[in-house]
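A quick write-up on the structure given underneath.
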Amino acid sequence: MKTNNRVLISAAVSAGLVCLLVYLRTLGFDFVRMDDTDYVIENQYIRNLDRDFFQWAFTTAPFDLWMPLAWLSFAVDYHFWMLNPSGFHLTNIVLHAANAGLVVLIAARVLKVAWPEEAGECRYFATLLLAGLLWGIHPLRVESVAWVAERKDVLNGVFTLGSVLAYLCYTEKNTEKARAWPSYLLSLLLFVCSLMAKPVSVVIPFMLLVMDWFPLQRLNRNTVRQLVVEKLPFLVFSVAAALLTFKFGAENRLLVSAENLPFLYRIVIAGNALLEYYRLMLVPVGILPLFVLPNPIPYSYAFKAFAAFAVTVAFLVYWRKQRAVAATWLLFVLPMILVSGLLQNGMQALAARYTYLSAVPVSIAAAALAACILKSVPVRHLHLLRRLLPVTLFCLLLFYGGMTWRLTGVWKDTASYWSRVIDLAPESYPLARLARGRFYYDTGRLEEAIRDLTVIIEAEKGEGIPKADNVIALRGEIHAKMGRNQEALADYDYAISVYPDPAYLTARARLLEKLGRAPEAKDESR
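Numbered per my numbering, the sequence shown finishes at 1181, counting up by one with no gaps.
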């Protein structure tokens, strides 16, 4: 047992260190002006750890989510680092490294029955490390780790994974007739903390029931009532967190109304996302920081949704024969219910960060599958497979690690973020180019800003849709700042012809005064 514990700790520490190394380059990254501005840069509340901060953090939901512990972590970072982004990135990668270690510890508990005493230390270490790394360095984790605003993901991960680990300790002690209630209370406490970091973990009571069924094999006709009662305290906090989330979402009009997006469309969006997530876990190519929901929704979404539905039904129908597969699929799907298209809350079709919890059971199952293949293969092929499988898995981890290292560069700053969207999703160019153009303007890169805005204006002119008045007026403002007064005046004229916004009229009048055309400016101001 001592040997196994030593190997277990070594595997957990190794997984965490590898994750730290893979994400180390993010220490040189800036904030990304997609939530980072509101969460950190312009957030005055996090600048003092005083009574006003705690009242704000625990009694309000300023950005549609009640997440006081996430705000507390930002406030602590600001206390030590001010607005130096390196400190905020450091906290993110340390928390993620800790999560990778927790995945290893959970894998050890889950796979314990599959490892008899005579199992080799090397295989045991490799299987646990594989589970941690398949999850920790997968490219789908980049968004949660490299984006400062997604601190809520990695912080929620620490508490959620800690809660699951404590629950596994509780079930083990319960089986051994040892004193189990401290582990149960610890699991419940960590679960409550996870909800205060990000309420995505509200599905944990149902996930624990699935785990009771498999792999723990505690759930049967005789124990179902006892196990449901056991989850009631978790469920009470889940319901409270869910109600708070819906309340704040409704107040801030976060959720897309059923009038604007009918339920059938939501099912199609959710089904497409589910299949895409699984595809991206297997082949992580084409990962974007923003997957914009197309309008109209293409027919391919419906086909993927049908495929996802068919797979789910197949797993449920054959659950008795393939319990491991069915349990893994359910544990993968459950954390995505609240972030799927069923509760659409924006323009995104899917998001890599939504896989942060869902990918844990899949990674553990994949590592277990590799171990089972080695264990069950015929002796005559064992020598070849013992060489081929480790090399294949090592190459896969290198590929994942290399992809992750490269994709972290997308989060270097706001320009790199939007450049990735523009390069791989040109259909979203108006949104992406406008955002990148504004960033260029704010940071003094005026020529680049004009280039982005001009692309939008010319494209909409070519389509005969004169609706880019705000973009044209912004380009006029940049021209004026660069001293190109005639170009600025032409832009203001065109913007006003599309929509005579008072702000455009005021800007044009100011420019006319600058050009010495005061009488025209007075007429404009009227």
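Even for Gly, the Cβ is constructed at its ideal location relative to N, Cα and C. Everything numeric in this text was worked out from a predicted model, so none of it was measured.
Leaving aside the five residues before and after Ser1018 along the sequence, list all residues of the same chain whose C-beta is less than 6 Å from its C-beta, in chain order.
Result list for Ser1018: Ala786, Leu789, Trp790, in chain order.
Under the three-state reduction of DSSP, which class applies to Phe708: helix, strand or coil?
helix
Apart from the five residues just before and just after Val923, which ones in its own chain have a Cβ nearer than 6 Å to its Cβ?
Only Tyr956, Ala957, Ala960 meet the Cβ criterion.
Return the first residue and the last residue of the beta strand (DSSP E) that Leu679 is part of.
Where Leu679 is concerned, there is no enclosing beta strand (DSSP E), given that its DSSP letter is neither H nor E.
Which of helix, strand or coil does DSSP assign to Leu720?
coil
Return the residue from the list His744, Glu798, Phe901 that minimises the CA-CA distance to Asp732.
With distances taken between CA atoms, Asp732 lies nearest to His744 out of His744, Glu798, Phe901.
If contacts are defined as beta-carbon pairs under 8 Å, then Pro939 and Pro794 qualify, I think. What distance do you get, rounded to the angstrom?
4 Å
Under the three-state reduction of DSSP, which class applies to Gln881: helix, strand or coil?
helix
Would Val813 and Asn747 be called neighbours here (beta carbons separated by less than 9 Å)?
No; because the gap between Cβ atoms is not below 9 Å, this pair is not in contact.
Three or more C-beta pairs under 8 Å: does that hold for the region 1086 to 1103 against the region 1066 to 1074?
Remark: three or more beta-carbon pairs, one from each stretch, lie closer than 8 Å, so the region 1086 to 1103 and the region 1066 to 1074 are flagged as touching.
Ends of the beta strand (DSSP E) at Leu1005?
Secondary structure note for Leu1005: its beta strand (DSSP E) is the uninterrupted segment 1003 to 1005.
Go ahead and label Arg1076 buried or exposed: buried means 16 or more other beta carbons lie within 10 angstroms of its beta carbon, across all protein chains shown.
Looking at the sequence itself, residue 1076 is Val, so the reference to Arg does not match. With 16 or more Cβ atoms within 10 Å of its Cβ, Val1076 is classed as buried.
For the pair the region 845 to 854 and the region 886 to 896, tell me if three or more CB-CB distances fall below 8 Å.
At 8 Å Cβ cutoff, the stretches touch.
Leaving out five residues before and five after Met1002 in sequence, what residues of the same chain have Cβ atoms less than 7 Å from its Cβ?
Val947, Leu948
Which one of Glu1103, Ala1007, Ser728, Leu1170 has the shortest CA to CA distance from Leu930?
Ala1007
Taking C-alpha atoms, which residue in Ala925, Leu810, Ala755 lies nearest to Leu783?
Ala755
Cutting at 7 Å between CB atoms, please list the residues of its own chain near Ala928, excluding the five before and the five after it.
Ser995, Gly996, Ala1004, Leu1005
In this structure, how does DSSP classify Phe946 when only helix, strand and coil are distinguished?
strand
Under 9 Å, do Leu672 and Val865 count as touching if we go by C-beta distance?
no
Taking its Cβ as the centre, do 16 or more other Cβ atoms sit within 10 Å of Asp867, making it buried, or is it exposed?
Looking at its Cβ environment, which holds 16 or more other Cβ atoms inside 10 Å, Asp867 is buried.
State the start and end residues of the unbroken alpha helix (DSSP H) segment that holds Phe780.
776 to 791
Could you compute how far the alpha carbon of Val809 sits from the alpha carbon of Thr1010?
12 Å
Where does Asp705 land, buried or exposed, given buried means 16+ other C-beta within 10 angstroms?
exposed
Near Thr1059, which residues of its chain fall below 8 Å by C-beta distance, leaving aside the five closest residues on each side in sequence?
Val677, Tyr678, Ile792, His793, Pro794, Arg796, Val797
Looking at Leu1166 and Ala1143, is the spacing between their C-beta atoms short of 9 Å?
yes
When we look at the beta-carbon of Ala712 and count the other beta-carbons within 10 Å, is it buried (16 or more) or exposed?
Buried, since its Cβ has 16 or more Cβ neighbours within 10 Å.
With DSSP run on the structure shown, which of helix, strand or coil describes Asp691?
Reduced to three states, the DSSP call for Asp691 is helix.
Would you kindly check if the distance between the Cβ of Asp1156 and the Cβ of Ala1164 is under 9 Å?
Not closer than 9 Å, so no.
Between the region 662 to 672 and the region 693 to 701, do three or more beta carbon pairs fall short of 8 Å?
no
The alpha helix (DSSP H) spanning Glu1142 covers which residue range?
1140 to 1153
Ordered along the chain, which non-local residues of its own chain (more than five positions away) have a Cβ less than 7 Å from that of Thr983?
Pro1016, Val1017, Ala1020
Kindly list the residues whose CB is nearer than 8 Å to the CB of Asp685, restricted to its own chain and excluding five residues on each side of it in sequence; keep chain order.
Excluding sequence neighbours, Asp685 sits near Pro740, Lys1067, Asp1068, Thr1069.
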